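Below you'll find the structure, written out as structure tokens, and then a few comments.
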Amino acid sequence: MPRSRVWTVPGWGWTPVGLRWRRRLDRERRRGRPRRAAPPLSPRLEAFLEMLSAERGAAAPTLMAYRNDVLDLGGFLGTTGTALEKAEAGQLHAYLASPPLRRLAPRSLARRLSALRQFYKFLVIDGVRDDDPTAGLDSPRLGRALPKILSEAEIVQLIDAAAARPGEEGTRLRCLLELFYATGLRVSELVTLPLAAAQRDPRFVTVRGKGGKERVVPLSGPARASLAAYLASRDAFLPGARPSRWLFPSTAGQGHLTRQRCGQLLKELAVAAGLDPARLSPHVLRHAFASHLLDHGADLRSVQQMLGHADIATTQIYTHVLPDRLKRLVETAHPLARRSPR
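Going by this note's numbering, the first residue of the sequence shown is number -14, and it counts up by one from there.
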């Protein structure tokens, strides 16, 4: 892999990829220079990313995360003149013990290590290496983090605040909120919904989720009403009055509302509703969707299908935040629950 210039942070020896490019772009923007693309990838990394896309159906955000993870290791190895393909186990140990990575949360570190393991496993399968330098690396211990939940009353506060927002912006915000809460979609799934997905059967929305898998999610009455109101004013968001294939068009480079802007809109809504903005995000609304359904008696398999979870164990975490519902279930459904103690 050709070595590129490395910008360092004192005491680190190299700068993590995201920080490095952000600083470079900021400098060039101040100097009035046009934005430059990142340097070309090594052929092995490019082949790895192509495999993830073609064989596993990895989405663009996943590919970008894996790319940055491997490039970051490449920047670290570059300080010793070692190519990515030639890394030794000791060098990977040193990388994972470096100050920037020690600052990562255990879950973020585990994801980084997973990306590197898959990259080197790919090199072994492809015949580039005979050994896997990640084989002896220990994964960080992960506690099972319970999802953050909003109460039903807090959801009502958010809906009321969105309804009070005037004009087309308020109509779009109400639609986004209702769709998040009614469907449990991931933010990347919602902002990339094509217009056609809302023009088929108004009772359902067809979603293309992780790995390119499609699922059909029903829409509640309030969600259908807010979607219809938004569609009537959607033209106000068309860039340059040009047609757009996206349900939520935008002037952003992708042509649709970005995940970042969507999260920002929800933070602003939380403030308007009198809630702590740190408690609201698209994923928190996804958690609320699942938790409130289970709390009202929905079965776990149905919730799993609507969330698009491949493994029901992922969905089961929501049962840990519903102790009252589980207690009621035992008291009402267990055959011995109503027997008087002797």
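Beta carbons are placed, not taken as given, at the ideal position from N, Cα and C, and that holds for glycine.
Values in this document were obtained by computation on a predicted structure and should not be read as measured data.
I'd like the span of the alpha helix (DSSP H) that includes residue i, first residue to last.
i	result
Arg102	Pro91 to Ile110
Asp280	Pro267 to Asp280
Arg157	Gly152 to Thr168
Leu122	Unbroken run through Leu122: none, as it is neither H nor E.
Arg114	Counting along the chain, Arg114 falls outside any alpha helix (DSSP H), and DSSP gives it neither H nor E.
Arg264	First-last for Arg264: undefined, no H or E at that position.
Arg171	Premise fails: Arg171 is in no alpha helix (DSSP H) and is neither H nor E.
So which of the options has the shortest CA-CA distance to residue i?
i	options	result
Pro203	Ala214, Ala217 and Glu163	Glu163
Thr299	Ala120, Arg97, Thr236 and Ala275	Ala275
Ala50	Gln103, Glu73 and His78	Gln103
Lys133	Leu285, His281, Arg41 and Leu265	Leu265
Leu242	Glu154, Gly206, Ser205 and Leu77	Glu154
Glu70	Ala32, Val269, Phe233 and Leu86	Ala32
Arg244	Glu174, Ala138 and Asp123	Glu174
Arg52	Asp145, Ala100, Ala258 and Phe165	Ala100
Glu137	Leu278, Thr168 and Leu30	Leu278
Ala45	Leu251, Ala237, Pro187 and Gly194	Gly194
Leu254	Gln289, Arg157 and Gly240	Arg157
His272	Arg114, Gly225, Ile140 and Arg227	Ile140
Ser83	Asp57, Gly238, Ala68 and Gly66	Asp57
Arg114	Ala120, Leu122, Tyr105 and Gly121	Tyr105
Pro207	Leu86, Ile144 and Arg171	Ile144
Leu122	Asp220, Pro85, His78 and Leu86	His78
Leu250	Val176, Arg96 and Ser287	Val176
Ala221	Gln289, Gly152, Leu135 and Thr65	Gly152
Lys198	Ala295, Ala181, Leu216 and Pro262	Ala295
Ala210	Thr65, Val201, Arg188 and Arg200	Arg188
Tyr353	Gly59, Gly66 and Pro91	Summary: the structure shown does not reach residue 353, with the chain confined to residues -14 through 327, and so no result is reported for it.
Leu26	Leu260, Ala68 and Glu40	Ala68
Pro224	Tyr215, Thr236, Arg96 and Asp280	Thr236
Arg200	Arg92, Leu86, Ala214 and Val288	Val288
Pro280	Ser218, Leu135 and Asp54	Here residue 280 is Asp; the residue named in the question, Pro, does not match the sequence. Of Ser218, Leu135 and Asp54, the residue nearest in Cα terms is Leu135.
Val55	Leu89, Arg96, Glu40 and Val172	Arg96
Ala74	Thr65, Ala120, Leu285 and Leu37	Ala120
Met334	Ile110, Arg219 and Leu86	Nothing can be reported for residue 334: it is not among the residues displayed for the chain, which extend from -14 to 327.
Gly181	Thr65, Leu216, Glu40 and Arg92	A quick correction: the sequence has Ala, not Gly, at residue 181. If we check each option's Cα against that of Ala181, Leu216 comes out closest.
Mind checking which residues open and close the beta strand (DSSP E) that includes residue i?
i	result
Val141	Not the beta strand (DSSP E): Val141 falls in the alpha helix (DSSP H), residues Glu137 to Ala148.
State yes or no: is the beta carbon of residue i nearer than 8 Å to at least one beta carbon in chain C?
i	result
Gln103	Here there is only one protein chain, and chain C is not present.
Residue i and residue j look like a contact to me (Cβ under 8 Å); what is the Cβ gap, rounded to whole Å?
i	j	result
Cys160	Leu108	Going by Cβ atoms, the distance from Cys160 to Leu108 rounds to 46 Å, so no, they are not a contact pair.
Gln76	Leu62	6 Å
Gly42	Gly196	4 Å
Pro179	Leu232	6 Å
Gly248	Pro267	6 Å
Ala148	Ala257	No, Ala148 and Ala257 are not in contact; Cβ-Cβ is about 11 Å, not under 8 Å.
Ala183	Val190	7 Å
Leu34	Leu48	5 Å
Ala72	Pro125	Between Pro125 and Ala72 the Cβ distance is about 20 Å, and since that is not below 8 Å, they are no contact.
Ser229	Gly240	6 Å
Met291	Gly169	6 Å
Ala263	Ser205	About 27 Å separates the two Cβ atoms, so there is no contact after all.
Leu260	Gln142	7 Å
Pick out the complete beta strand (DSSP E) segments inside the stretch 16 to 93, 3 residues or longer, and give them in chain order.
none
Please give me, in chain order, every unbroken run of the beta strand (DSSP E) with length at least 3 that falls completely inside the stretch 177 to 260.
189 to 193 and 199 to 203
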